[in-house]
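Shown next, in structure tokens, is the structure this report addresses.
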Amino acid sequence: MEKPSEPREPELGKPSGDPGKAAPAPSPRALTRARRRQAVVRFWQQYRTHRAGLVGLAVLAVIALLALTAPLLVGAGSQSVTDAPGGPMEAPSGEFPLGTDQFGRSLLALMLWGTRVSLTVGLLAAFLSVAIGTLVGITAGHFKGWYATVVMRVTDWFLVMPTLVLAIALATVLSRSVWTTILAIGVTTWPTTARLVRAQTLSVESRPYIERSRALGGGHGHIMSRHVLPNVMPLVLAQTTLVISTAILTEATLAFLGLSDPTIVSWGGLLQDAREAGAVSSGNWWYLAPPGLAIAVVALAFTLCGRAIESVLNPKLGVSR
1 MEKPSEPREP ELGKPSGDPG KAAPAPSPRA LTRARRRQAV VRFWQQYRTH RAGLVGLAVL
61 AVIALLALTA PLLVGAGSQS VTDAPGGPME APSGEFPLGT DQFGRSLLAL MLWGTRVSLT
121 VGLLAAFLSV AIGTLVGITA GHFKGWYATV VMRVTDWFLV MPTLVLAIAL ATVLSRSVWT
181 TILAIGVTTW PTTARLVRAQ TLSVESRPYI ERSRALGGGH GHIMSRHVLP NVMPLVLAQT
241 TLVISTAILT EATLAFLGLS DPTIVSWGGL LQDAREAGAV SSGNWWYLAP PGLAIAVVAL
301 AFTLCGRAIE SVLNPKLGVS R
């Protein structure tokens with residue numbers, strides 16, 4: 001009489017339901033995506049503990065929504081000077097909650113249109129500035145010797161020169177347009193990012209795995225793109241949010257000085273129009289206060305988000321929540 005066979009335990013790497021087939025191993029891309037998802041979840045869990053960062057993020061979300069829906073809320077005709085619905089310099093009322101400008105256009109509608117320009121200029125100028133600073137910082141930290149010396153001396157020269165003066169000089173020489181403003185801000189605000197990224201690059205390249213990568217035949221491009229760049233990206237991300245607020249303030253300053261495109265409505269341009277219309281001397285506060293407060297609120301919101309991101313990515317800073 002045969003003894004019943006004892007049940008065998010499933011082998012490692014094989015599913016218990018089908019012992020003859022091995023479980024397929026996840027692909028490297030799947031593992032990378034899973035790790036990125038986990039990193040995003042951890043980042044959000046830590047970010048939402050910063051109340052100031054949540055407030056800044058909520059403010060930016062509302063302002064971005066208003067900027068995207070501006071054509072639906074007020075229409076493109078609200079910028080027209082010939083078809084202005086109100087009288088010049090009217091005080092706030094039920095029809096015009098923020099009053100009108102010197103042409104009779106609704107300031108509320110102009111504020112919504114100005115949101116699109118100010119945010120676009122701030123984001124693109126900050127992206128250009130951070131891209132230049134990151135490239136200069138990584139290459140100066142990786143390639144030492146005469147190259148790093150020359151590049152950092154140029155960076156020091158840009159740091160010594162006032163950023164606003166350089167931006168005004170570029171905006172004066174080039175034609176007046178939104179792209180000129182973006183270029184003027186981007187090429188004058190990158191030195192701070194370059195200094196920070198270079199310091200982080202030097203710290204990363206002193207680690208043992210960089211030497212192992214070189215010993216295994218890793219070239220300059222491989223080391224900078226595969227090892228250095230991922231390690232400096234948290235710093236770059238935090239720096240970007242801080243540079244955006246600076247870019248928005250600089251754009252408003254250039255527009256206030258009359259160095260931006262006069263045909264495009266922006267918050268700084270509204271301040272320039274108010275100055276030319278004599279709103280300060282006539283006491284028409286509703287012409288000055290809304291764009292000035294909008295610039296301050298957006299700059300503060302980006303700063304709060306930047307400080308929260310910096311605190312999450314670098315807890316040693318000890319930024320208060």
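Numbered per the UniProt record's numbering, the sequence shown spans residues 1 to 321. For each residue, glycine too, the CB sits at the ideal point set by N, CA and C.
Within 10 angstroms of the beta-carbon of Phe143 lie fewer than 16 other beta-carbons, which makes it exposed. The beta carbon of Trp267 is closer than 7 Å to those of Gly114, Ser118, Ala252, Pro291, Ala294, Ile295 in its chain, skipping five residues each way along the sequence.
Secondary structure at Ser175: coil, using DSSP grouped into helix, strand and coil. By alpha-carbon distance to Ala308, the top candidate from Leu242, Val265, Ile264, Glu276 is Leu242.
Here the C-alpha atom of Leu170 lies approximately 17 Å from the C-alpha atom of Thr246.
Per DSSP, the unbroken alpha helix (DSSP H) holding Leu107 starts and ends at 107-142. Membership of Asn231 in the alpha helix (DSSP H) is indicated by the continuous run 229-256.
Assignment of Thr263 by DSSP, reduced to helix, strand and coil, places it in the coil class. Under the DSSP assignment, Ser203 falls in the alpha helix (DSSP H) whose first and last residues are 191-205. Between the stretch 186-206 and the stretch 123-135, the count of Cβ pairs shorter than 8 Å is three or higher; the stretches touch.
Phe158 sits away from Thr139, with the two beta carbons spaced by 8 Å or more. In the displayed model, Thr155 falls within a helix according to three-state DSSP.
By the Cβ-count criterion, Thr180 is buried, with 16 or more other Cβ atoms from all chains shown falling within 10 Å of its own Cβ. Under the three-state reduction of DSSP output, Thr100 falls in the strand class.
In chain order, Pro191, Ala194 place their CB closer than 6 Å to the CB of Thr155, counting only its own chain and leaving out the 5 sequence neighbours on each side.
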